[in-house]
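Below is one structure, written out as structure tokens, with a few remarks after it.
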Amino acid sequence: KPWCSFWLQGRKCKPDRGLSASSPGLQLLLPPTTLAALANSWLQEDCPGLNFASLVTGSAPSQAVLWAKSPGVLAGRPFFDAIFTQLNCQVSWFLPEGSKLVPVVKVAEVKGPAHHLLLGERVALNTLARCSGIASAAATAVEVARSTGWTGHVAGTRKTTPGFRLVEKYGLLVGGAACHRYDLGGMVMVKDNHVVAAGSMERAVLKARQAAGFSLKVEVECSSLEEAFRAAEAGADLVMLDNFKPEVRWDPTSGQGQWAMLGWGWGFLTSPWLLSYRSCTSQQLHLKPDSPACLWKPVGASHWTTSPSSVGHTLTSSLWEC
1 KPWCSFWLQG
11 RKCKPDRGLS
21 ASSPGLQLLL
31 PPTTLAALAN
41 SWLQEDCPGL
51 NFASLVTGSA
61 PSQAVLWAKS
71 PGVLAGRPFF
81 DAIFTQLNCQ
91 VSWFLPEGSK
101 LVPVVKVAEV
111 KGPAHHLLLG
121 ERVALNTLAR
131 CSGIASAAAT
141 AVEVARSTGW
151 TGHVAGTRKT
161 TPGFRLVEKY
171 GLLVGGAACH
181 RYDLGGMVMV
191 KDNHVVAAGS
201 MERAVLKARQ
211 AAGFSLKVEV
221 ECSSLEEAFR
231 AAEAGADLVM
241 LDNFKPEVRW
251 DPTSGQGQWA
261 MLGWGWGFLT
271 SPWLLSYRSC
281 TSQQLHLKPD
291 SPACLWKPVG
301 ASHWTTSPSS
311 VGHTLTSSLW
321 EC
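The opening position of the sequence shown corresponds to residue 1 in UniProt numbering, with each subsequent residue numbered one higher.
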């Protein structure tokens with residue numbers, strides 16, 4: 001028998017309604033020990049030795065105020081807190097995580113010794129600004145995707161700043177996006193170089209399936225519809241359509257190349273043609289002043305044509321694609 005045991009006593013509580021940026025939910029993902037270690041490493045990087053500026057400010061009890069001067073989404077409170085906790089300072093927040101910032105607005109106050117406030121100032125601001133910027137970009141991408149009627153996921157990849165992944169992945173979640181995979185252990189992803197090394201698409205997927213076991217999914221990055229069909233037939237769980245030209249149109253439910261999940265690369269998702277894709281019926285379509293240059297064609301036609309994105313320009317066909 002084990003020499004000791006640890007039991008958490010149950011308590012009655014309301015049903016969990018899921019995670020949201022404005023609730024403590026997402027912050028629970030961040031282990032306190034990891035937060036402390038990150039905060040300590042950032043402070044060590046900024047001040048590994050003598051802090052001569054501390055002799056200028058002294059250690060008198062002081063207070064600093066955090067103001068938001070740009071619009072966006074507030075994200076990164078746990079990291080900000082962890083930095084000042086290392087310096088024996090106390091943070092009081094006036095806005096919850098995930099708040100939409102409308103400048104100029106008071107976000108937080110920090111109290112502590114003057115030299116500690118200024119020691120943590122730049123590290124804390126850099127971290128909060130970086131995380132909030134990513135959350136803001138993620139929120140914009142999700143909003144644009146939803147505006148097209150698309151109901152899938154907008155996810156962030158491993159293309160993060162080395163040593164800053166936890167902050168950036170957390171920012172994605174606060175902004176309403178998802179994590180594609182946190183690290184190499186989250187999924188077996190087959191890219192073009194893996195296919196070259198393995199000798200063929202089929203062999204690469206086979207090896208990936210063997211490595212994945214029963215618990216991991218296999219995703220294959222494809223640069224053409226032919227590759228996508230081959231990957232699906234070889235057993236890929238997910239197919240990533242990468243480097244596709246915006247004019248490529250394909251119905252994944254057409255019967256050819258069936259799979260559970262389908263993804264598009266960011267460049268395809270954010271292209272003007274796909275983002276502004278609409279079907280317009282029985283009404284004229286007015287282009288806004290900030291509209292990008294678009295390609296247009298009547299539904300069913302095989303050729304796309306350009307149309308000037310000037311104010312008031314209209315298209316009067318009964319059904320158009322943009």
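Each residue gets a CB set at the ideal place from its N, CA and C atoms; glycine is no exception.
- Going by DSSP, lysine 207 is part of the alpha helix (DSSP H) stretching over 201-212.
- With fewer than 16 other CB atoms across the displayed protein chains lying within 10 angstroms of its CB, phenylalanine 214 is exposed.
- By the Cβ rule, the region 174-194 counts as touching the region 138-158, because three or more pairs are nearer than 8 Å.
- Distance from the CA of asparagine 243 to the CA of phenylalanine 94, rounded to the nearest whole angstrom, comes to 43 Å.
- 8 Å or more divides the Cβ of asparagine 193 from the Cβ of leucine 119.
- It is roughly 27 Å from the alpha-carbon of glutamate 45 to the alpha-carbon of serine 136.
- Secondary structure within the region 87-143: the beta strand (DSSP E) runs of 3 or more consecutive residues, fully enclosed, are 90-93, 105-113 (chain order).
- Apart from the 5 residues on each side of it in sequence, valine 195 sits with its Cβ closer than 7 Å to the Cβ of Met201, Ala204 in its chain, given in chain order.
- A check of alpha carbon separations from serine 70 across Phe80, Ser99, Pro48, Val104 identifies Val104 as the nearest.
- Excluding five sequence positions before and after alanine 139, the CB atoms of its chain that fall closer than 6 Å to its own CB belong to Val73, Gly175, Gly176, given in chain order.
- In this structure, phenylalanine 79 and valine 110 do not form a Cβ contact; the two beta carbons are roughly 14 Å apart against a cut-off of 8 Å.
- Ranked by how close their Cα comes to the Cα of leucine 30, the residues Leu206, Asp81, Ser59 have Asp81 in first place.
- DSSP assignment within the region 50-80 yields the following whole alpha helix (DSSP H) runs of 4 residues or more, N-terminal first: 54-57.
- Around alanine 208, the same chain offers Val188, Val190, Val218 as residues with beta carbons nearer than 6 Å, after the five sequence neighbours per side are excluded.
- By the beta-carbon neighbour count (other beta carbons within 10 angstroms, threshold 16), valine 123 is buried.
- The bridge partners DSSP lists for valine 218 are Val188.
- Contact between valine 65 and lysine 100 does not hold, since their C-beta atoms are separated by about 20 Å, which reaches or exceeds 8 Å.
- Non-local beta-carbon contacts of threonine 127 in its own chain, meaning distances under 8 Å to residues more than five positions away in sequence, involve Trp42, Gly76, Phe79, Phe80, Ile83, Val167 in chain order.
- Around the beta carbon of glycine 58, fewer than 16 other beta carbons lie within 10 angstroms, which makes this residue exposed.
- In the DSSP assignment, glycine 156 is bridged to Cys179.
- Inter-residue distance for serine 132 and arginine 181 is about 20 Å (C-alpha atoms, whole angstroms).
- For leucine 30, there is no enclosing alpha helix (DSSP H), as DSSP marks it with neither H nor E.
- For asparagine 243, the secondary structure class from DSSP, reduced to helix, strand or coil, is coil.
- One alpha carbon belongs to alanine 68, the other to arginine 158, and they sit about 29 Å apart.
- Less than 8 Å separates the beta-carbon of glutamine 86 from that of alanine 36.
- Ranked by Cα distance from glycine 163, the options Leu28, Thr34, Leu241, Gly25 are led by Thr34.
- The three-state reading of DSSP puts tryptophan 42 in helix, counting H, G and I together.
- Taking 8 Å as the cut-off, the Cβ atoms of cysteine 89 and leucine 55 do not count as close.
- In terms of Cβ geometry, leucine 26 and leucine 173 form a close pair [threshold 8 Å].
- The DSSP-derived three-state label of threonine 85 is helix.
- Assigned with DSSP and collapsed to three states, glycine 149 falls in coil, not helix or strand.
- Nearest to glycine 185 by alpha-carbon distance, out of Ala212, Ala198, Arg165, Ala60, is Ala212.
- In this structure, the straight-line span from the alpha carbon of valine 144 to that of arginine 165 is close to 24 Å.
- Counting only the Cα atoms, proline 96 lies some 29 Å from alanine 60.
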